[in-house]
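> Residue numbers (our numbering), protein chains in the order written: chain A, 1 to 479; chain B, 1001 to 1505.
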C-alpha cells in the first residue's frame, strides 16, 4: 500500500478559513468588550481573504484530491464565492443588531466562520462521508447560534426543536448512506454512479435514495420536512435567522446536486417523482400558509419554503440547463432573503424588534428610500419583473416546460399568484397605511450603504440578468 | 431629421428617468418644483412621440423605427422595439394622456405629489414599452412592471376602499398574465426565439393553438376587461385617484385589446377562428348586459367604468367578426372595416373615457362625492363646466360628429355583413349608451340647484379649462376627420388580416 500526499492546494480556502477561525477564537479571548469590533473586522477580513484565494484560483476544470473525497470544480468555486459574500453581508447586517441586543460577542462570528467552513466542505464534497462531515459541522454551529441568546425562552425552544429534528434528519441521511454503501460498496460518488446501473437489487438502492432525500429535504426545508423552519426563523435572534436563511441554502442545494446528480443520476426517474411531490407541496403549503402570518420572520419562513419548491423544479428536470436555472434561483433567493431580513434589522433598535408585519406600517412616510428598497425586494420575491426574482422564476419555468411538464409549470404559477397576495400585503402596510411610529431609523452608515446596494442589486441584476445566468450555466456545464 | 434617433427608446426611458428625477427632487425641494419637472418631462416625451407620426411611412405594414440589440443572451432575449400603424397611435395617445394627467393632478394631489407624478411618469414609459416591444419577453417585462406604479397609485391616493380595489386589480391582472408567460415560454421553446415576428410565422397544431389562445385570452380578457372577468375594473376605477382612472380607462384597457392584435390573432389564427363564436358572444354580452348594468349605477365613476367595459366590447367584437364576414361576403373589405373601426374605437375611447373621468374628478374635487344623487343643477353654478360635460357625454353616447361615433358606426356596419343579429345587439348600445350617459347628465347637470353644496360650486379654473378644452378638440377633431388615423393603420390592418386568414396549422 503506497501512501500519496494529497494535493492540499485545492483546499487552500478551507484551510485558510479553519486557521483563521481558530485564531479568532483565541484572539477573541484577549479582546475587551469595547474592542469587540476587532473580532468582527478580523472575521470580515477572513472572508475577504478567502474570497480572493478562491477567485485567484477559479477552476476551469474538475480536480479531485484527498482520495477523491474532495472535488473542486467551477460549480464549487462559484458557490463558495457566493457563500463568502453572503456571510460577509450577514456579519455586516448582524453587527448593529448584536450590539443593540447586547449579544456583540466573538462567538457569533467564530461560529459563523465555522459554519462557512462546513458549507464549503459540503459544496466540495465528493464522497458520502465528506458530505456528512460538512453537513454536521454546519448544523452544529447553527444549533449553537440559534441558542446564542440563552436567556430567551423562544430562542432556546427553537434551538431545541432544531436540534432534535436536525438529529433525526441526520440519522435518516446516514441510514440512507449506509444502504447505498451496502449496495455499492463505496463511499465515492463517482464510483457510486458507475455502480448504480449494475446493481441487481434496485429496491435497496431506491430505499437508500428515499432516506437520503428525506435528509436533504429536511435541510432544504421542503414540505413535509419543513416543520422546523417557521419556528427556528421566528425564535432565533434576527441576525441568526438572517444567517440561516442565506448561505446554508446554497450549501443544501450543493448537497442535493452532489448526491442526486454526481452520485445517483442513474436513478433520475425515481428521484424526479419524489422531487415533484416535494416541490408541489412546498410551493402550495409555503404560499398558502404564509398568508395567515402576522410575524414577518415567520412569513419569510413560509416564503422560503415556497422558494425551495421553485428551486426543486429546476433540479427535477435532470438537465444541465435545469441545474443551472436552479443555481441561478438559489443565488437570487439568497440575495433577496439577505435584503429582507436586513430590512427587519434596519427597523429594529435597542429594545425593539421589528419582527411584526405592523412594524412596517407607513414606512414610506418614515423613510421613502428604504420603503422603495423593501418594495423592490418584495416584488422581486413575488416574481414581478423587472426585478431579479422574475428571471429566476422564468428560467426555472422555462426548463420545466422544456421537459414537457407544462402542467407542473401551470401549478407553479398558480401558487405564485396565491403567493403574490401576502407580498402585496407588505407593500400595502408600507405604502397605504399611515405611520403610527414616527421615530427615525437608527443604524450605522455601512448598514445603510449595504441595504441600498442589496436593493439596487436586485433591480440592476434584474435589468441585466444575462451575465449571472451565463455564469451559472458555465459553472454547471464546464469541468 | 429624426430618422436616426432612437425615438422609441426615448419615449420609453425619458419618462422613466423623469420619474426618478421627480422622486429625487421631491425629497430635496418643495413639491412645486417636482410638479414642474414632471410636466416638463411629460411634455418632452409627448413632443418626442410626434415624429413617430410625422415620419411614419403609411405605405408599409413592416415595423418602423426599429431598434434591435441583444439584451439577455443567455435566454436569447433581445431589446427589440418597433411600431406599426396599430401601435403608433396608441403610443401617442399614451404620451398625450400623460401630459393631461400631470396637469389634472397639479393642485389636486396634496399628499406626496412628487411620488404621484413619478408613478404616472414611470407608468407612461412602461406602457410605451408594451406598445413598442417586439420581443415577447421584453413585452412581458413591461406588461407586468406597469402594474407596480398603478398598484401604488391606487393604493396611496385612492378612495376609502382603495386597498381592496388595488389588491384586486393587481391579483386579477397578475393571474391572467402568468398564463401568458407560460404560453410565451412554450412558444419560445418551440420556435427557438422570443421575437414576436417569428411567432407570427410559426405553425402549430389546432389543439396547441387553442391552449395558447386560452392562455393569451386569460391575460388580455382580464385587461380589456371582458365579461365575466371585468369585476376588478369598477372597483379599481371608483377607488383610483382621477389620474389613475384616466390612465386605466384611456390606456391600460387598450393594452388588452392591443394584446389580441399583436398576439392572439396573428399567432393563433386557427384557434381564434375556431373560438370566434365564444369571443363574439362575450363581446355582445359586454355590450348589452354591461350596458344595462351601467344604467342602474348610483356612482358616477362606476357608471363610466361599466360604460368602458361596454365600449370595449365593441373593440373585441370588431376583431373577431372578421371570419364571419369573410364567410358571408367572400371579401376582406368588411373585415378590414370592422378591424379599423375597433382600433378607432380604442383611440376615441381613450379620449372620451379619460375626459369623462376628468369631468367627474372636477366635481369630486369640489364636493368630495361621486354619488349622482349628491348633485343636480350643476349647470346653474358651473356653466362652462356643464358645456364640456355635455359634450363628452354626447361623445360617450356616440353622437355623430364626435369621435365616439366613428368607431361604433364602423363596427356596427361591418357587423351587418357578418350577421344581422350581431349588428342588432351591438346597435342597442346606441340606445343604451345614450340612456345611461344622458340620464346621468340630466340628473347631475340639469334641473334646479339641488342643495346648498351645489349652490356654492365654483366654475372651472384655467387649469381645468385647459385640459378639458384640449380633450374636447381631440374628440371633435377625430369625430369629423378620422381619416389620418385610418390612413396610418391601413397597411398594418391589411397585413394583420392576411395573417389571420392564413392557416397556421
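Where a beta carbon is used, it is the ideal one built from N, C-alpha and C, also for glycine.
(1) In chain order, what residues of the stretch 466-479 of chain A put their CB closer than 7 Å to some CB of chain B?
(2) Taking 9 Å as the threshold (C-beta atoms), are residue 1100/B and residue 1296/B in contact?
(3) Closer than 8 Å is the cut-off here; do at least three beta carbon pairs connect the stretch 221-237 of chain A with the stretch 110-124 of chain A?
(4) I'd like the span of the beta strand (DSSP E) that includes residue 1080/B, first residue to last.
(5) If you follow the beta strand (DSSP E) that residue 1086/B is part of, which residue opens it and which one closes it?
(6) Could you work out which residue in 1070/B, 1033/B, 1052/B is closest to residue 464/A when comparing CA atoms only?
(7) Contact check, residue 1221/B vs residue 1176/B under 8 Å by CB: the rounded distance?
(8) Nearest-angstrom Cα distance between residue 487/A and residue 24/A?
(9) For residue 1421/B, is the classification buried or exposed, using 16 other Cβ atoms within 10 angstroms of its Cβ as the cut-off for buried?
(10) In the DSSP assignment, find the unbroken alpha helix (DSSP H) run with residue 238/A in it and report its ends.
(11) What's the gap between the Cα of residue 125/A and the Cα of residue 1010/B?
(12) Would you say residue 401/A lies against chain B (beta-carbon separation less than 9 Å)?
(13) By the criterion of Cβ-Cβ separation under 8 Å, what are the contact partners of residue 398/A in chain B?
(14) Going along chain B, which residues have a C-beta under 8 Å from residue 406/A?
(15) So, at 6 Å on beta carbons, what are the nonlocal neighbours of residue 293/A in its own chain, with the 5 sequence-adjacent residues on each side left out?
(16) Measuring only the C-alpha atoms, how far is residue 1494/B from residue 1079/B?
(17) Please state the DSSP three-state secondary structure of residue 1227/B.
(18) If you draw a straight line from the C-alpha of residue 168/A to the C-alpha of residue 195/A, how long is it?
(19) Near residue 1248/B, which residues of its chain fall below 8 Å by C-beta distance, leaving aside the five closest residues on each side in sequence?
(20) Within its chain, find whatever has a CB closer than 7 Å to the CB of residue 291/A; leave out the 5 residues flanking it on each side and keep chain order.
(21) Could you tell me whether any non-hydrogen atom of the ligand SAM is closer than 8 Å to the CB of residue 294/A?
(22) Given a threshold of 16 other Cβ atoms within 10 Å of its Cβ, counted over all protein chains shown, does residue 208/A qualify as buried or as exposed?
(23) Would you mind listing the alpha helix (DSSP H) stretches within the stretch 380-412 of chain A that are 4+ residues and don't spill past its ends, in chain order?
(24) Ends of the alpha helix (DSSP H) at residue 1067/B?
(25) Closer than 8 Å, Cβ to Cβ, to anything on chain A: give me those residues from the stretch 1168-1179 of chain B, in chain order.
(26) I'd like to confirm the pairing. Which residues does DSSP put opposite residue 295/A in its beta bridges?
(27) For the alpha helix (DSSP H) containing residue 71/A, name the first residue and the last one.
(28) Check distances from the C-beta atoms of the stretch 362-374 of chain A to those of chain B and list, in chain order, the residues that come in under 9 Å.
(29) Assess, as a yes-or-no matter, whether the stretch 1148-1168 of chain B is touched by the stretch 1051-1059 of chain B under the definition of 3 or more beta carbon pairs within less than 8 Å.
(30) Straight-line CA distance for residue 430/A to residue 371/A?
(31) Quick one: residues in its chain with C-beta nearer than 7 Å to the C-beta of residue 1263/B, no 5 flanking neighbours on either side, listed in chain order?
(32) Which of the residues in the stretch 374-392 of chain A, read from start to end, lie with their CB under 7 Å from any CB of chain B?
(33) DSSP three-state label for residue 1502/B, please.
(34) I need the straight-line Cα distance from residue 365/A to residue 1161/B, nearest angstrom please.
(35) Which two residues bound the contiguous beta strand (DSSP E) that contains residue 65/A?
(36) Look up residue 191/A in the DSSP assignment and say whether it is helix, strand or coil.
So, from the listed chains and residues:
(1) Against chain B - using a Cβ distance shorter than 7 Å - the residues of the stretch 466-479 of chain A are 466, 469, 470, 473.
(2) In this structure, residue 1100/B does not lie closer than 9 Å to residue 1296/B by Cβ.
(3) The stretch 221-237 of chain A is not in contact with the stretch 110-124 of chain A.
(4) Segment 1077-1083, the beta strand (DSSP E) holding residue 1080/B.
(5) Counting along the chain, residue 1086/B falls outside any beta strand (DSSP E), and DSSP gives it neither H nor E.
(6) Among 1070/B, 1033/B, 1052/B, the Cα nearest to that of residue 464/A belongs to 1070/B.
(7) In this structure residue 1221/B touches residue 1176/B by the C-beta definition: roughly 7 Å separates them, less than 8 Å.
(8) Outside the shown range of chain A (1 to 479) lies residue 487/A, about which nothing can therefore be said.
(9) Looking at its Cβ environment, which holds fewer than 16 other Cβ atoms inside 10 Å, residue 1421/B is exposed.
(10) DSSP places residue 238/A inside the alpha helix (DSSP H), whose first and last residues are 238-245.
(11) Whole-angstrom Cα-Cα distance: 51 Å.
(12) Residue-level contact check: residue 401/A touches chain B, since one or more beta carbons of chain B fall below 9 Å from its beta carbon.
(13) Among the residues of chain B, those whose CB is under 8 Å from the CB of residue 398/A are 1075, 1185, 1188, 1189, following chain order.
(14) The contacting residues are 1182, 1186.
(15) Within the same chain, residue 293/A has close Cβ partners 299.
(16) A direct Cα-to-Cα measurement between residue 1494/B and residue 1079/B gives close to 27 Å.
(17) Looking at residue 1227/B - three-state DSSP - the assignment turns out to be coil, as it is neither helix nor strand.
(18) Going by the C-alpha atoms only, they are around 28 Å apart.
(19) Taken in chain order, the residues that qualify are 1150, 1233, 1236, 1237, 1240.
(20) Cβ within range, chain order: 421, 422.
(21) Annotation note on the ligand SAM: not contained in the displayed structure, which lists no ligands.
(22) Buried, since its Cβ has 16 or more Cβ neighbours within 10 Å.
(23) List check, alpha helix (DSSP H) in window: 388-402.
(24) Per DSSP, residue 1067/B belongs to no alpha helix (DSSP H); it is in the beta strand (DSSP E), 1064-1072.
(25) Residues of the stretch 1168-1179 of chain B with a C-beta less than 8 Å from any C-beta of chain A: 1170, 1171, 1174, 1175, 1178, 1179, listed in chain order.
(26) Looking at the DSSP assignment, residue 295/A forms a beta bridge with 356/A.
(27) Per DSSP, residue 71/A lies in no alpha helix (DSSP H); the unbroken beta strand (DSSP E) holding it starts and ends at 70-72.
(28) Along the stretch 362-374 of chain A, the positions whose C-beta sits under 9 Å from a C-beta of chain B are 364, 365, 368, 369, 372, read in chain order.
(29) Verdict: no, contact absent.
(30) Whole-angstrom Cα-Cα distance: 7 Å.
(31) If we look at residue 1263/B and ignore the five residues flanking it on each side, its Cβ neighbours are 1216.
(32) Listed by position, the residues of the stretch 374-392 of chain A near chain B (Cβ gap below 7 Å) are 379, 384, 385, 386.
(33) If DSSP states are grouped into helix, strand and coil, residue 1502/B belongs with coil.
(34) In this model, residue 365/A and residue 1161/B are separated by some 20 Å (Cα to Cα).
(35) Note, residue 65/A: beta strand (DSSP E), 63-65.
(36) Helix.
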